[in-house]
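Below you'll find the structure, written out as structure tokens, and then a few comments.
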Amino acid sequence: MRLSFALLLLLADYVLGSPGDRLSEFQDCNDACEHRRTYSQSQATGLDISENEFSHIAFKQTPILLQWLLFWDYRADCDYQCQQIVTRDRIVNNKEIHQFHGKWPFIRLFGMQEFFSVIFSVGNFLPHYYGYQKLLKRLNMLQYRGKAETSPSKLLKSYMLVAVAGMLAWSASSIFHLRDLLITEKLDYFFAGGTVLSGFHAIFTRIARLDRHPFLSRLFTWSVILIFGLHILRLYIDWSYTYNMRFNVLFGLLQYILLLLLAFNNYKLLQKQPKSKIRPNIPSSKNIKQLCLMPVILVLTTASGMSFELFDFFNYRWQIDSHALWHLCTIWPSWELYEFFIADFNFVTREVSN
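And the structure:
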């Protein structure tokens, strides 16, 4: 689940000017690197760096593959090398490690800027892919029985949209952490917003049982699409981290509330109906766990994972930070989310999944 993405946006205003960017040694290092690299387009080539403390350093050339595949130009690579030089010097002198451009000074591993964030983003992609396949299998089963056009099957399709949005979002996240560029950042934010909206759409459709009301269902779906389109247009015209944060927080909180409301509604229905009419081959306690407790657990675990963003930390030796650990914490809830969707769908249709 990517509901907690909104918290990252909350912190975005603070990353525009990081302490490391303002270090005089970092700026001097960049001047020396650009001068030594002797690229004609460098603004630093006309500088006198004879008194620059970094003038003696033999800066490395950018690997060809990184230039071609990941668009590392000399400026970006000088910036990266100087982050490492300054950070190691500060570690040796027992000084505080600073962020640069809103990020910790990660070492480039296998060409990846943030190795663990990439790995954990891929890890988050997998449950959404698994969920899509499982939902598709369930839909195909209904088609085989001639029930694919029935009202409840529309719930499956809305859940499948959540899975598609999740796969797109975590693919964009993987690419962004692999190589931080303006376009990869924007795609990461756009698809994250789409994930929050798709979850809101699916769960509201389930609670309101809009699958029983085709006109209202279409009206609500197009309204959500319009909201997303206007959201993208707003950001395209005037990019604002604050607005983006507020948008995602709003629909993220609504999704949390809807999940809790759905759990409460399921509990009331379970209390009213005889066991034999619910899911006769599964104990009532398991029904309560799957249909009532699991949504609460999903909300609590995802919200708890946001604490990693509040208590920001970074370990240079292990090359991992709190943001990567937050990504790790969202993998398990994503697996369970689709298990809940299937269990809830079976509960709604009074069918037992074989």
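If you use mature numbering (1 follows the signal peptide of the UniProt record, and there is no 0), the sequence shown corresponds to residues -17 to -1, 1 to 337, in order.
Glycine residues also receive a C-beta, built at the ideal position from the N, C-alpha and C atoms.
Assigned secondary structure, residue i (DSSP; H/G/I helix, E/B strand, else coil)
{"i": "Lys86", "result": "strand"}
{"i": "residue 338", "result": "The structure shown has nothing for residue 338, since the chain only spans -17 to 337."}
{"i": "Phe297", "result": "strand"}
{"i": "Ile40", "result": "coil"}
{"i": "residue 360", "result": "Residue 360 lies beyond the residue range present for the chain, which begins at -17 and ends at 337; the question has no answer from this structure."}
{"i": "Ile68", "result": "helix"}
{"i": "Leu241", "result": "helix"}
{"i": "Ile303", "result": "strand"}
{"i": "Leu92", "result": "strand"}
{"i": "Phe328", "result": "helix"}
{"i": "Pro46", "result": "coil"}
{"i": "Phe187", "result": "helix"}
{"i": "Ile80", "result": "coil"}
{"i": "Ile74", "result": "helix"}
{"i": "Ile196", "result": "Correcting the residue identity first, residue 196 is His in this sequence and not Ile. Three-state DSSP puts His196 in coil, outside helix and strand."}
{"i": "Asn35", "result": "coil"}
Between the CA atoms of residue j and residue i - distance to the nearest angstrom
{"i": "Met143", "j": "Arg91", "result": "35 Å"}
{"i": "Tyr63", "j": "Ile210", "result": "38 Å"}
{"i": "Asn264", "j": "Leu180", "result": "Note that Asn264 scores 49 on pLDDT, short of 50, meaning its location in the model is unreliable and no value can be drawn from it."}
{"i": "Asp221", "j": "Lys117", "result": "40 Å"}
{"i": "Ser136", "j": "Gly212", "result": "26 Å"}
{"i": "Tyr224", "j": "Phe230", "result": "10 Å"}
{"i": "Cys12", "j": "Tyr226", "result": "35 Å"}
{"i": "Ser173", "j": "Ile215", "result": "Residue identity check: residue 173 is Phe in the sequence provided, not Ser. Cα to Cα, the separation comes out at about 7 Å."}
{"i": "Phe9", "j": "Ile80", "result": "12 Å"}
{"i": "Trp318", "j": "Leu202", "result": "30 Å"}
{"i": "Ile166", "j": "Tyr321", "result": "30 Å"}
{"i": "Asn126", "j": "Arg333", "result": "Note on residue identity: the sequence assigns Gln, not Asn, to residue 126. If I take the Cα positions, the gap works out to 17 Å."}
{"i": "Gln24", "j": "Ile40", "result": "In this predicted model, Gln24 has a pLDDT of only 49, less than 50, meaning its place in the structure is not dependable enough to derive any value."}
{"i": "Asp72", "j": "Cys65", "result": "10 Å"}
{"i": "Gly38", "j": "Leu48", "result": "For clarity, residue 38 is Ser in the given sequence; the question names Gly instead. In a straight line, the C-alpha of Ser38 is about 27 Å away from that of Leu48."}
{"i": "Gln67", "j": "Cys61", "result": "10 Å"}
{"i": "Gln256", "j": "Phe93", "result": "57 Å"}
{"i": "Ile314", "j": "Leu252", "result": "30 Å"}
Cutoff 8 Å: residue i Cβ touching any chain C Cβ
{"i": "Gly149", "result": "Protein chain content of the structure displayed is limited to a single chain, and chain C is not contained in it."}
Top-ranked residue by Cα proximity to residue i, from the options
{"i": "Ala146", "options": "Leu109, Leu161, Thr167, Arg162", "result": "Leu109"}
{"i": "residue 380", "options": "Leu139, Phe183, Tyr112", "result": "As shown, the chain starts at -17 and ends at 337. That puts residue 380 outside it, with no answer to give."}
{"i": "Phe299", "options": "Ile74, Pro278, Arg162, Pro2", "result": "According to the sequence provided, residue 299 is Tyr. The question's Phe does not apply to it. The shortest C-alpha separation from Tyr299 is found at Ile74."}
{"i": "Tyr219", "options": "Leu241, Glu168, Phe83, Leu281", "result": "Glu168"}
{"i": "Leu233", "options": "Gly182, Trp205, Gln254, Asn248", "result": "Gly182"}
{"i": "Gln96", "options": "Phe198, Leu161, His84, Val207", "result": "Leu161"}
{"i": "Asp327", "options": "Leu283, Phe247, Ile68", "result": "Phe247"}
{"i": "His184", "options": "Leu241, Gln50, Leu281, Tyr115", "result": "Leu241"}
Original post:
Counting pairs of Cβ atoms below 8 Å between the stretch 295 to 306 and the stretch 90 to 107, do you hit three or more?
Top reply: yes
**OP:** Please confirm if the stretch 309 to 328 is in contact with the stretch 289 to 301, defined as three or more CB-CB distances below 8 Å between the two stretches.
**Re:** yes
Subject >> Inter-stretch contact (C-beta, 8 Å, three-pair minimum) for the stretch 34 to 47 and the stretch 146 to 165 >> reply: no
Original post:
If we count Cβ pairs, one from each stretch, closer than 8 Å, do we get three or more for the stretch 268 to 276 versus the stretch 45 to 59?
Top reply: no
Original post:
Would the stretch 178 to 198 and the stretch 82 to 90 be scored as touching if the rule is three or more Cβ pairs under 8 Å?
Top reply: They do not touch, by the three-pair rule.
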